[in-house]
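Trainee: Input: one structure, supplied below.
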Amino acid sequence: MFVDWLHWLSSLTPFDVTLLLLGTMFVDGPRYTLARVLMFVWDFARDCWHDLRGINEHAEFTYCPSVCVILAGYNEAESVGKSIESLVGKYPRLEIIVVDDGSTDGMLRHARPYGKKYDNVLVLGRPQRGGKSSAMNFALPYTRAEIVITVDCDTSLDPNALWECVQFFKDPKVGAVSATVFARNADTNLCTWLQAYEYLHAIFIGRMVAERIGALGITSGAFACLRRDAVERTLGWDVGPGEDLDLTLRIRKLGYTVRCAPYADCYTDVPTEWKRLWKQRLRWEEASVVRSHCRKHVDLSDPTAANFRWNNWWVSMELILINLIFGYVILIYAAWVSINVPRNIPMVLLTFYVWSLGLELIHILSLLYYSRDRLRHLWICAVFPLSPVYQLFLIANRIVAYTKELIWRTSFADNFVPKHVRDRTWKW
Amino acid sequence: MTPSEIVDLSDLFDMRQDRRFEIARPIELIPIGIDGLLDIERRVMGTSRELSVHSLAVDVPRGDWHCSQQLLLGLHWRQEVHYAGIVVRRMKTHERGMFLGAEFGGLAQELLEGDAPLPVFDRDELAFVLPQSPALYENWSQAGVIEKTLLDRVLVCPRCCGVPTFRNACRKCGAGRVRNDRLMHHFACAYVGHASEFCLPSGEVACPKCRLNRLVVGADFEYLTGENQCASCGWRDSETELYGHCLRCNWRFELHQAREQELHGYHVRRLAPLAVITDAV
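Chains as they are written, first to last, in this note's numbering: chain A, 421 to 848; chain B, 138 to 418.
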């Protein structure tokens, strides 16, 4: 088969090969390759130059604003205690507000002892579930901290994570900082291993690249750092899902910039079953491009809008073009290949696979350069031969999600938000 | 008991006016101290010789027994021991032991007569009290003379056992002057703010975030109970703590510090001489 493939490949003209590989550029991963390589070369050269000149580039934690961490959760009785303990004592000017969003598993009962144990922990509870957004908004009136950080209850932070984040807020133009989320349970099975690999590339490196090209428009809800003034000016989170993306875009609209803190690490549990992963990604994708960029925040890409800014246009267009339009283009491209070269489909797929593996190797090299835990990350990267197949899974998920959202607005029927709230919320 | 054991001896003793019956039953005698406590270690077994409504005569098989003037008598009747207090009037030792002539009465009889001892609330002391010293009841209960029964458990002051009042108070200083924020959550836009932010001068309820007005509670928004703020010390917390305030000594304490006092009543198996005589006859 391999020899047949080489013969088939050598029979193609350079134009045919270019045309063939053009299809892979529609896939989410490879599109960043060039930007990643450029970033890597630039940083490598800069680091070498600094080493030669003896310039010390170690991070200095000199800025220490007051910080409020909001831990909002629903039925997180088992994990809320660990989350609080992972935060206490990690930062000098820290207050923690735990909000129980009407849990039925006794989360409030589990959290209250921490409110008594620590003076800087405030535990709030509500009688019935109102959704994550309102739970976080519930905490806002009770803090005067300069920085608000949202952390999921099942997320644990690295000891320096808070320090790493807040340094960016020295610049008054920074409204939000995106931290890095890693999969805690990468070793559970193949599903979690692939997600861990994806998180490394999409969040750890992907957001560094997005920041460099000025297209960073999201902060993960699992660990997002926000300037309280900016949040107050937006009047808080809107009804989810996708409330983290929505708020980041609204902060950008106010004129703030969004930065990436690659070494502000947090760890979260990712789905361990394919079915649950499929559902989770459907929810994320339904609430992202179509609902946010194409509908609610369409003014970001409208040059006639009063608050129009080219960098916001770039954020929006990048996602609409790459995720939405290219998603359907891949579908059309696959159909075109199937119709025109039906006998050579295995060869075409093998070409794509080999090409993708080559790109993955480049990604891994750049990743290891930036990594601070190379051994662990190298182990996670060992799953890279399966990454192209996983990418296809994600693309299929994305196309299904976008189609459902475009036609039926399914994100507004998601039980992530309780029924009495989603029945009343604005349908964009 | 056979009829032959019952002999009317009333004409033999001039000192006693009541009709007496010769009833031989096992008895126990427990000396009573001046403080009313029973001297269990000096308990002695004996036999009743004769019994009348107000007095009795008993034989004690030990001549060296040190008898006090007041005794508690336990008489075995109907598979149980019934108790009465007696005051010794005559005492005579002989070669087989000791003879005692006694009347029903004394401190023990006072304690055993009347209603069963129950704790009652004393309005002057502001506490639950028993008719006699609790130590005395405990001593009698340990001796098996009276039976202790749990009636209730009450929380009392850890200092003086006085009765307290309880209030939801500040967790820091225990003050009852705690103010609570009332917040509103608008479902449509997830905004949460103080209730005053939602009130328009016209009296309508409108969301300050999305400007939707004429909101209806339950359908469009809900009220949330927010943080508590203490007017005394300024402490802020989501929950209050139950604090007790002793009405007797004015001590303020947290609920978990309150002392749990068990209120016991005491069941008495009182000896009724007439019933024993009637039963025997």
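For every residue, glycine included, the Cβ atom is placed at its ideal position computed from N, Cα and C. All values derive from a computational prediction rather than experimental measurement.
#1: Between the Cα of V300(B) and the Cα atoms of G173(B), D261(B) and Y403(B), which residue gives the shortest distance?
#2: Using a Cβ-Cβ distance under 8 Å, would L777(A) count as near chain B?
#3: Between G311(B) and chain A, is any beta-carbon pair separated by less than 8 Å?
#4: In three-state terms, what does DSSP make of R290(B)?
#5: So which of G251(B), G222(B) and R199(B) has the shortest CA-CA distance to L209(B)?
#6: Less than 8 Å between CB atoms is the rule here; does S831(A) satisfy it with respect to chain B?
#7: In whole angstroms, what separates the C-alpha of T139(B) from that of R215(B)?
#8: Can you tell me where the beta strand (DSSP E) with P661(A) in it begins and where it stops?
#9: Determine the DSSP secondary structure at I223(B), reduced to helix, strand or coil.
#10: Can you name the residues of chain A whose CB is closer than 8 Å to the CB of K346(B)?
#11: Quick check for students: name the residue ranges of the alpha helix (DSSP H) that lie wholly in the region 244-289 of chain B, counting only runs of 4 or more.
#12: Check the Cβ of H382(B) against every Cβ in chain A and list those closer than 8 Å, keeping chain order.
#13: Is the beta carbon of L544(A) closer than 8 Å to that of S333(B)?
#14: When DSSP builds the beta bridges, which residues end up paired with L182(B)?
#15: Fully enclosed by the region 519-554 of chain A, which alpha helix (DSSP H) runs are 4 residues long or longer?
#16: Decide if the region 278-287 of chain B is in contact with the region 402-409 of chain B; the criterion is three or more beta carbon pairs, one per stretch, under 8 Å apart.
#17: I'd like to know if the region 520-531 of chain A and the region 491-500 of chain A are in contact, where contact means that at least 3 CB-CB pairs between them fall below 8 Å.
#18: For A245(B), count neighbouring C-beta atoms within 10 Å of its own C-beta (all shown protein chains included) and say buried if the count is 16 or more, exposed if not.
#19: So for H783(A), helix, strand or coil by DSSP?
#20: Is there a Cβ of chain B sitting closer than 8 Å to that of S553(A), yes or no?
#21: Per DSSP, S192(B) is paired with what?
#22: Going by beta carbon distance, what residues of the same chain come within less than 6 Å of T830(A), once the five residues before and after it are set aside?
#23: Please name the residues in the region 303-331 of chain B whose beta-carbon is closer than 9 Å to at least one beta-carbon of chain A, in chain order.
#24: Less than 6 Å between C-beta atoms, sequence neighbours within five positions excluded: which residues of the same chain meet that for R456(A)?
#25: With a Cβ-Cβ cutoff of 8 Å, do T692(A) and D574(A) count as a contact?
#26: Less than 8 Å between the beta carbons of V218(B) and R406(B), yes or no?
#27: Thinking C-beta only, is S192(B) closer than 8 Å to E454(B)?
#28: Rounded to whole angstroms, what's the CA-CA distance from I567(A) to W657(A)? Just pull it up for me.
#29: Name the residue from D201(B), P295(B), C310(B) and A325(B) whose alpha carbon lies nearest to the alpha carbon of W848(A).
#30: Taking the alpha-carbon of I169(B) as reference, which of W372(B), N276(B) and A161(B) has the nearest alpha-carbon?
#31: At the level of alpha carbons, what is the spacing between G626(A) and A395(B)?
#32: In terms of alpha-carbon separation, which member of C611(A), T453(A), H713(A) and L806(A) lies closest to Y773(A)?
#33: Where DSSP assigns a beta bridge to W214(B), which residues make up the other side?
#34: Mapping DSSP to helix, strand and coil, what is M421(A)?
#35: Round the Cβ separation of L674(A) and G637(A) to the nearest angstrom and send it over; I've been treating them as touching at under 8 Å.
#36: Along chain B, in chain order, which residues have C-beta atoms closer than 8 Å to that of H840(A)?
Mentor: Let me lay it out:
#1: Reading the second sequence from its first residue, position 163 is the one you call residue 300(B). The shortest CA-to-CA distance from V300(B) to any of G173(B), D261(B) and Y403(B) is the one to D261(B).
#2: Stepping through the first sequence from its first residue, residue 777(A) is reached at position 357. L777(A) does not count as touching chain B.
#3: Along the second sequence, read from residue 1 onward, the residue named residue 311(B) stands at position 174. No, its Cβ sits nowhere closer than 8 Å to a Cβ of chain A.
#4: Here the question's residue 290(B) lines up with position 153 in the second sequence. Strand.
#5: Residue mapping note: residue 209(B) aligns to position 72 of the second sequence, counting from 1. Selected option, being the one with the closest Cα: G222(B).
#6: By one-based count along the first sequence, residue 831(A) stands at place 411. For S831(A), the answer is no, since every Cβ of chain B falls outside 8 Å of its Cβ.
#7: Here the question's residue 139(B) lines up with position 2 in the second sequence. Here the question's residue 215(B) lines up with position 78 in the second sequence. Annotation note: pLDDT 35 at T139(B) (below 50); position unreliable, coordinate value reported separately. Straight-line Cα distance between these residues: approximately 15 Å.
#8: Here residue 661(A) refers to the residue found at position 241 when the first sequence is read from its first residue. Per DSSP, P661(A) belongs to no beta strand (DSSP E) and is neither H nor E.
#9: Within the second sequence, residue 223(B) is the residue found at index 86, counting from 1. The answer is strand: DSSP assigns I223(B) an E or B state.
#10: For the purposes of this step, residue 346(B) is taken as residue 209 along the second sequence, with counting starting at 1. Under the 8 Å cutoff, chain A gives L655 and G656.
#11: 271-279
#12: Stepping through the second sequence from its first residue, residue 382(B) is reached at position 245. Result: empty, since nearest Cβ-Cβ is about 21 Å, beyond 8 Å.
#13: By one-based count along the second sequence, residue 333(B) stands at place 196. By one-based count along the first sequence, residue 544(A) stands at place 124. In this structure, L544(A) does not lie closer than 8 Å to S333(B) by Cβ.
#14: Position 45 of the second sequence, counted from the start, is the residue given in the question as residue 182(B). Before going on, a small fix: residue 182(B) reads as Met here, not Leu. DSSP lists E165(B) as partners of M182(B).
#15: 527-537
#16: yes
#17: yes
#18: Position 108 of the second sequence holds residue 245(B). With 16 or more Cβ atoms within 10 Å of its Cβ, A245(B) is classed as buried.
#19: Mapped onto the first sequence, residue 783(A) falls at position 363. H783(A): helix per DSSP, three-state reduction.
#20: Here residue 553(A) is taken as the residue at index 133 of the first sequence, counted from 1. Taking Cβ atoms only, chain B reaches closer than 8 Å to S553(A), which makes this a yes.
#21: As a first step, residue 192(B) is located in the second sequence; it is residue number 55 there, counting from the start. DSSP, once it has assigned bridges, lists E240(B) as partnering S192(B).
#22: Walking along the first sequence from the start, residue 830(A) turns up at place 410. Excluding positions up to five away in sequence, the list reads E706 and K824.
#23: R308, D318, L320, H322, H323, F324, A325, C326, A327, Y328, V329, G330 and H331
#24: Counting from 1 along the first sequence, the entry for residue 456(A) is found at position 36. Contacts found: V629 and S786.
#25: For the purposes of this step, residue 692(A) is taken as residue 272 along the first sequence, with counting starting at 1. For the purposes of this step, residue 574(A) is taken as residue 154 along the first sequence, with counting starting at 1. No, they are not a contact pair.
#26: Here residue 218(B) is taken as the residue at index 81 of the second sequence, counted from 1. Here residue 406(B) is taken as the residue at index 269 of the second sequence, counted from 1. Contact flag set, yes.
#27: With chain B covering 138 to 418 only, the question about residue 454(B) has no answer from this structure.
#28: Here residue 567(A) refers to the residue found at position 147 of the first sequence. Here residue 657(A) refers to the residue found at position 237 of the first sequence. Those two C-alpha atoms are separated by around 15 Å.
#29: Here residue 848(A) corresponds to residue number 428 of the first sequence, with the count starting at 1. Considering only alpha carbons, the answer is A325(B).
#30: In the second sequence, residue 169(B) corresponds to position 32, counting from 1. With distances taken between Cα atoms, I169(B) lies closest to N276(B).
#31: By 1-based counting over the first sequence, the position of residue 626(A) is 206. By 1-based counting over the second sequence, the position of residue 395(B) is 258. Going from the Cα of G626(A) to the Cα of A395(B) covers about 59 Å.
#32: The sequence position of residue 773(A) within the first sequence is 353, counting from 1. Comparing Cα-Cα distances from Y773(A) to each of C611(A), T453(A), H713(A) and L806(A), the minimum goes to L806(A).
#33: Within the second sequence, the letter at position 77 stands for residue 214(B). Per DSSP, E217(B).
#34: Start at 1 with the first residue of the first sequence, and residue 421(A) comes out as number 1. Coil.
#35: What you label residue 674(A) is simply residue 254 of the first sequence in a count that begins at 1. What you label residue 637(A) is simply residue 217 of the first sequence in a count that begins at 1. Not really, about 13 Å apart at Cβ, beyond 8 Å.
#36: Your numbering for residue 840(A) matches position 420 in the first sequence. What H840(A) touches in chain B: F324.
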